[in-house]
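S.K.: The numbering used here puts the first residue of the sequence shown at 631, with every later residue one more than the last. Just so you know, even glycine gets a beta-carbon here, dropped at the ideal spot from N, CA and C. Sharing a structure, written as structure tokens. Questions coming.
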Amino acid sequence: RRAPVLHPVAREAACERARGARRLAESPLGVAGERGAAMTSSAAVPTADGFALCSVHPVVLFTVTDSYTRRAAGQPRVVGALLGSREGRKLVVRQAYTVPHSEANEQVMLDIDYHTVMLDMHRKCAPGDQVVGWWSSGGGENPGSDALFQQFFTSQVEDGVYLQVDTALSGGRMAVKCYKAESMVLDEEEVATGFTEVPCKVQMEEAERVGTDLLKGDSEGLPSDMGGLEESVKRLQKMVETVYQYVDGVCSGRIEPNALIGQQLSSTLDSVPRLGKEAFERLYTDSMQDVLLSQYLAKLTDAQLALAEKLAAQQQQQGAGASIAM
631 RRAPVLHPVA REAACERARG ARRLAESPLG VAGERGAAMT SSAAVPTADG FALCSVHPVV
691 LFTVTDSYTR RAAGQPRVVG ALLGSREGRK LVVRQAYTVP HSEANEQVML DIDYHTVMLD
751 MHRKCAPGDQ VVGWWSSGGG ENPGSDALFQ QFFTSQVEDG VYLQVDTALS GGRMAVKCYK
811 AESMVLDEEE VATGFTEVPC KVQMEEAERV GTDLLKGDSE GLPSDMGGLE ESVKRLQKMV
871 ETVYQYVDGV CSGRIEPNAL IGQQLSSTLD SVPRLGKEAF ERLYTDSMQD VLLSQYLAKL
931 TDAQLALAEK LAAQQQQQGA GASIAM
């Protein structure tokens with residue numbers, strides 16, 4: 631069942647703010663962005679202050695592209711909710727899901743019941759994640775639609791983010807942009823809700839990086855334990871070589887030192903256990919033996935299952951022969 635996102639009064643208010651953004655854009659005090667959002671100037675100042683960086687996990691992008699591929703015929707874009715958490719002035723987006731909607735003749739409809747059910751299911755799996763905003767696979771045909779969606783999700787989270795993913799691959803790449811909504815004030819009067827772009831980066835954990843690399847490669851299956859260990863060691867060697875070249879360049883004066891990079895390197899080295907050569911070799915050997923033992927037990931289990939199946943089949947054949955003889 632589809633239900634309206636907002637009641638008529640709220641919808642008209644949002645549309646009026648969208649029209650106010652266009653009036654502000656046409657005035658000498660501002661210019662219009664790609665989606666009709668008002669860009670700030672010295673006379674039109676945003677009144678809200680929030681997160682300064684948005685970190686997006688790759689599973690969110692997979693969800694957006696998959697939903698765009700499966701969209702209904704004739705539907706220009708898909709939208710949905712973003713789940714994550716706030717870490718200081720950093721917004722971390724970990725999950726996303728699609729919310730069915732329709733846009734026609736300045737009318738916006740959103741399946742609120744579906745959104746509520748999906749949100750409850752996600753909270754059972756990840757209680758720490760909350761609604762942090764909404765996403766869209768490109769801009770809408772009507773700039774007022776974005777204001778309506780923003781107003782709905784703002785009722786669930788204060789200072790939410792609007793994530794826009796270019797699924798059309800303009801310029802040969804999938805651009806990812808994050809915006810935050812801000813009230814635009816002109817002559818002490820709120821005239822529009824503008825969208826201001828904030829820095830955005832795609833951040834991957836190690837498990838996500840392995841899966842992403844596997845999808846980008848030509849492999850037809852998952853790597854073996856030994857193959858995965860080999861790839862990890864090669865990647866570690868490449869990182870160590872990069873760090874060595876940077877440190878050597880700083881010491882020789884070829885590269886200008888960066889205090890932030892130095893602090894990150896120092897923090898990384900402090901997190902590594904201080905082991906001698908013999909202790910490290912012993913730890914590595916024990917780990918390798920554990921892996922080999924796991925492989926041996928897995929093969930032994932397969933052999934026992936195969937033997938049990940053959941014995942069961944033989945007993946069935948003997949039972950069938952005895953029945954025929956009687």
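Starting from residue 716, trace the beta strand (DSSP E) in both directions and tell me its first and last residue.
M.R.: Position 86 of the sequence shown, counted from the start, is the residue given in the question as residue 716. Note, residue 716: beta strand (DSSP E), 709-717.
S.K.: Quick check: is any heavy atom of the ligand PLP less than 7 angstroms from the C-beta of residue 924?
M.R.: The model on display carries no ligand, and the ligand PLP is accordingly not part of it.
S.K.: Around the C-beta of residue 791, are 16 or more other C-beta atoms found within 10 angstroms, so that it is buried, or is it exposed?
M.R.: The residue you call residue 791 lines up with position 161 of the sequence shown. The residue is buried, with at least 16 neighbouring Cβ atoms inside 10 Å.
S.K.: Between residue 686 and residue 831, what straight-line distance do the alpha-carbon atoms span, to the nearest angstrom?
M.R.: On the sequence shown, residue 686 is found 56 positions in, with the first residue counted as 1. On the sequence shown, residue 831 is found 201 positions in, with the first residue counted as 1. The straight-line gap from Cα to Cα measures roughly 6 angstroms.
S.K.: Look up residue 724 in the DSSP assignment and say whether it is helix, strand or coil.
M.R.: Taking the first residue of the sequence shown as position 1, residue 724 is located at position 94. Reduced to three states, the DSSP call for residue 724 is strand.
S.K.: Across which residues does DSSP place residue 826 in a beta bridge pair?
M.R.: By 1-based counting over the sequence shown, the position of residue 826 is 196. According to DSSP, residue 826 bridges with 810.
S.K.: Would you call the segment 714-724 in contact with the segment 857-871, where contact means no fewer than 3 C-beta pairs closer than 8 angstroms?
M.R.: Because the criterion of three Cβ pairs below 8 angstroms is not met, the segment 714-724 and the segment 857-871 do not touch.
S.K.: So, with DSSP's three-state summary, where would you put residue 873?
M.R.: Along the sequence shown, read from residue 1 onward, the residue named residue 873 stands at position 243. Helix.
S.K.: Between which two residues does the beta strand (DSSP E) harbouring residue 752 extend?
M.R.: Against the sequence shown, residue 752 aligns to sequence position 122. Unbroken run through residue 752 is the alpha helix (DSSP H), 742-755; no beta strand (DSSP E).
S.K.: Quick check on residue 739: does DSSP put it in helix, strand or coil?
M.R.: Start at 1 with the first residue of the sequence shown, and residue 739 comes out as number 109. Reduced to three states, the DSSP call for residue 739 is strand.
S.K.: Counting C-beta neighbours from all protein chains within 10 Å, is the total for residue 816 16 or more, i.e. buried, or is it exposed?
M.R.: Numbered from 1 along the sequence shown, position 186 holds the residue referred to as residue 816. So residue 816 ends up on the buried side.
S.K.: Of the residues 806, 753, 924, 788, which one's Cα is nearest the Cα of residue 794?
M.R.: The residue you call residue 794 lines up with position 164 of the sequence shown. For residue 794, the nearest C-alpha among the options comes from 806.
S.K.: Buried or exposed: where does residue 929 fall if 16 or more other Cβ atoms within 10 Å of its Cβ makes it buried?
M.R.: Numbered from 1 along the sequence shown, position 299 holds the residue referred to as residue 929. Per the 10 Å Cβ criterion, exposed.
S.K.: Rounded to whole angstroms, what's the CA-CA distance from residue 797 to residue 692? Just pull it up for me.
M.R.: Stepping through the sequence shown from its first residue, residue 797 is reached at position 167. Stepping through the sequence shown from its first residue, residue 692 is reached at position 62. If I take the Cα positions, the gap works out to 11 angstroms.
S.K.: Could you tell me the alpha carbon to alpha carbon distance between residue 787 and residue 763, rounded to whole angstroms?
M.R.: Here the question's residue 787 lines up with position 157 in the sequence shown. Here the question's residue 763 lines up with position 133 in the sequence shown. Whole-angstrom Cα-Cα distance: 7 angstroms.
S.K.: Just verifying my parser: in three-state terms, what is the DSSP assignment at residue 761?
M.R.: Stepping through the sequence shown from its first residue, residue 761 is reached at position 131. Residue state, collapsed to three classes: strand.
S.K.: List the endpoints of the continuous beta strand (DSSP E) containing residue 689.
M.R.: To locate residue 689, count along the sequence shown from 1; it is residue 59. Here residue 689 belongs to no beta strand (DSSP E); instead the alpha helix (DSSP H) covers 688-699.
S.K.: Which value, in whole angstroms, describes the spacing of the CA atoms of residue 824 and residue 737?
M.R.: Taking the first residue of the sequence shown as 1, we reach residue 824 at position 194. Taking the first residue of the sequence shown as 1, we reach residue 737 at position 107. The straight-line gap from Cα to Cα measures roughly 20 angstroms.
S.K.: Out of curiosity, what's the CA-to-CA distance linking residue 828 and residue 682?
M.R.: To locate residue 828, count along the sequence shown from 1; it is residue 198. To locate residue 682, count along the sequence shown from 1; it is residue 52. Cα-Cα distance, rounded: 6 angstroms.
S.K.: Looking at residue 710: is its Cβ nearer than 8 angstroms to the Cβ of residue 726?
M.R.: Here residue 710 refers to the residue found at position 80 of the sequence shown. Here residue 726 refers to the residue found at position 96 of the sequence shown. Yes, they are a contact pair.
S.K.: So, residue 913 versus residue 905, is the Cβ gap smaller than 8 angstroms?
M.R.: Indexing the sequence shown from 1 puts residue 913 at position 283. Indexing the sequence shown from 1 puts residue 905 at position 275. Contact flag set, yes.
S.K.: For the candidate residues 883, 746, 873, whose alpha-carbon lies nearest to that of residue 892?
M.R.: Within the sequence shown, the letter at position 262 stands for residue 892. Selected option, being the one with the closest Cα: 873.
S.K.: Under 8 angstroms by Cβ, that's how I've got residue 783 and residue 761 pegged, so tell me the actual separation to the nearest angstrom.
M.R.: Within the sequence shown, residue 783 is the residue found at index 153, counting from 1. Within the sequence shown, residue 761 is the residue found at index 131, counting from 1. Sure, about 7 angstroms apart at Cβ, within 8 angstroms.
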